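Below is one structure, written out as C-alpha cells; the observations come after it.
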Amino acid sequence: MKLIFTVFFALCMLTSPCYAGMIHYYSFTTDASDQVGGANGTLTNGASVAYGVLHLDGSNDYVQYSQRLVPTSGSYTVALFAAESLPKTDYAEMISQGYSGGPGFYIGHDPWGGVRVGDNSWPTGVAFPSDGLMHHYAFTVDAVAGKSKLFIDGKWAATYDGAITSTTGGDYTRLGSQFSYYGEFFGGTIDEVRIYDNALSASEVKSLYNPVPIPSALLLFAPGLASLAVIRRRFRK
Numbered sequence: 014m015k016l017i018f019t020v021f022f023a024l025c026m027l028t029s030p031c032y033a034g035m036i037h038y039y040s041f042t043t044d045a046s047d048q049v050g051g052a053n054g055t056l057t058n059g060a061s062v063a064y065g066v067l068h069l070d071g072s073n074d075y076v077q078y079s080q081r082l083v084p085t086s087g088s089y090t091v092a093l094f095a096a097e098s099l100p101k102t103d104y105a106e107m108i109s110q111g112y113s114g115g116p117g118f119y120i121g122h123d124p125w126g127g128v129r130v131g132d133n134s135w136p137t138g139v140a141f142p143s144d145g146l147m148h149h150y151a152f153t154v155d156a157v158a159g160k161s162k163l164f165i166d167g168k169w170a171a172t173y174d175g176a177i178t179s180t181t182g183g184d185y186t187r188l189g190s191q192f193s194y195y196g197e198f199f200g201g202t203i204d205e206v207r208i209y210d211n212a213l214s215a216s217e218v219k220s221l222y223n224p225v226p227i228p229s230a231l232l233l234f235a236p237g238l239a240s241l242a243v244i245r246r247r248f249r250k
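Numbering (the numbering used here), first residue to last: 14 to 250.
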C-alpha cells in the first residue's frame, strides 16, 4: 500500500495539478488520509470512502480534522470536486472551520441555491450546480492584490474586493458539515480536496478541473492506478 501511494504521488507531481505551495491533499483512495501534509481526517457518523470518493448522507456525517487546514491569513487556495446527489433546500457546507462571526470559513450553498464562501456576508451571486453531477469548486485569496476569487468548473465566477480571512479559533476543519452547532450537512460526494498556501492563477485552477493526462509510459509501472483513474473519472461525469 505504501508503494502504491508513493507511485501515485510521484505521478501526480509530474502533472499540472500538483503545484508548489500545496499543503494538504485528499484523494480518498481508501480513507481521509492527507497525502501531503499528514493531517489525516476521521470519518464521523457513517461518512465513508468508496470507489475513490468521500460519501456523505446529508444527515449527520462528515470528516473531522484535528487542525485548521485552511490558512487563516495570507494568500491561499481551496479546491475540490463535489456532487450534491441529495440536494437540500437549506444551508449545506462542503468544507468549513472556525465559528460564526469569528469569522468562520466555509464553501457551500444557501437555501436559495446560491454559492456562499466565507463568513463575511459576501453575496457571490453564483448559482450552486443542482444537476447532481461532479463539479469543481476553487476559491483563491491573493493577500497582496487584495482579491478573493471563486471558480466553478475551471471558470471564473465571482470576485470579492478583499482578502477573505478566518478566525484562528473555533472548530477545526470539517468536510461535509458546518462548524458547531449548525450542522448544515452536505449530501453527496467529495473528491480531490487540495489546499495551498498561495493563490493559484486562473490557468492553474483550470488545470485542476482539466488535469494533464498522465503519460501512458508511466502508467506501465502502475496498472492498478490506471484502473483506479478510470473509476474516478466515471464519478466526475
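From the three backbone atoms N, C-alpha and C, an ideal C-beta is built for every residue, glycine too. Keep in mind the model is a prediction, meaning the values are calculated, not measured.
DSSP three-state assignment for residue i, whether helix, strand or coil
{"i": "Y222", "result": "helix"}
{"i": "E205", "result": "strand"}
{"i": "S214", "result": "coil"}
{"i": "E97", "result": "coil"}
{"i": "A158", "result": "coil"}
Contacts around residue i, its chain only, beta-carbon distance under 8 Å, and the 5 residues preceding and following it disregarded
{"i": "G182", "result": "G111, Y112, G115"}
{"i": "G159", "result": "D174, G175, A176"}
{"i": "S229", "result": "Residue placement at S229 cannot be trusted, given a pLDDT of 42 that sits under 50; what the coordinates show is reported in the next sentence. Once the five neighbours on either side are set aside, S229 has no close Cβ partner at all."}
Nonlocal neighbours in the same chain, by C-beta distance under 6 Å from residue i, ignoring five residues either side
{"i": "T55", "result": "Q77"}
{"i": "F141", "result": "H122, G126, V128"}
{"i": "D44", "result": "V62"}
{"i": "K162", "result": "T153, T172"}
{"i": "P84", "result": "D210"}
Proximity to residue i [Cα-Cα], best of the options
{"i": "V139", "options": "D123, V154, A33", "result": "D123"}
{"i": "P136", "options": "D144, G127, S143", "result": "G127"}
{"i": "I108", "options": "E217, S190, N223, P224", "result": "S190"}
{"i": "G145", "options": "D166, L99, A170", "result": "L99"}
{"i": "A171", "options": "A151, S216, L82", "result": "A151"}
{"i": "N58", "options": "Y64, L69, G65", "result": "L69"}
{"i": "F164", "options": "I36, F192, Y194, V130", "result": "V130"}
{"i": "G34", "options": "N53, E217, S143", "result": "E217"}
{"i": "F192", "options": "Y32, A60, I120", "result": "I120"}
CB contact below 7 Å: residue i versus chain C
{"i": "L69", "result": "This model lacks chain C altogether, as it is built from one protein chain only."}
Short Cβ contact (7 Å threshold) for residue i with residue j
{"i": "I208", "j": "L188", "result": "no"}
{"i": "T186", "j": "L67", "result": "no"}
{"i": "D132", "j": "G117", "result": "yes"}
{"i": "K219", "j": "G167", "result": "yes"}
Q.
I'd like to know if the stretch 202-212 and the stretch 79-88 are in contact, where contact means that at least 3 CB-CB pairs between them fall below 8 Å.
A. Judged by Cβ distances under 8 Å, the stretch 202-212 makes contact with the stretch 79-88, as three or more pairs qualify.
Q: Count the CB pairs spanning the stretch 172-182 and the stretch 46-62 that are closer than 8 Å, and state whether there are at least three.
A: Touching, no.
Q. Counting Cβ pairs closer than 8 Å, one from the stretch 197-207 and one from the stretch 56-75, do we hit at least three?
A. Look at the beta carbons and you see the stretch 197-207 touching the stretch 56-75: at least three pairs across the two are nearer than 8 Å.
Q) Should the stretch 36-43 be regarded as contacting the stretch 153-160, the criterion being three or more beta carbon pairs within less than 8 Å? A) Contact fails: fewer than three Cβ-Cβ distances are below 8 Å.
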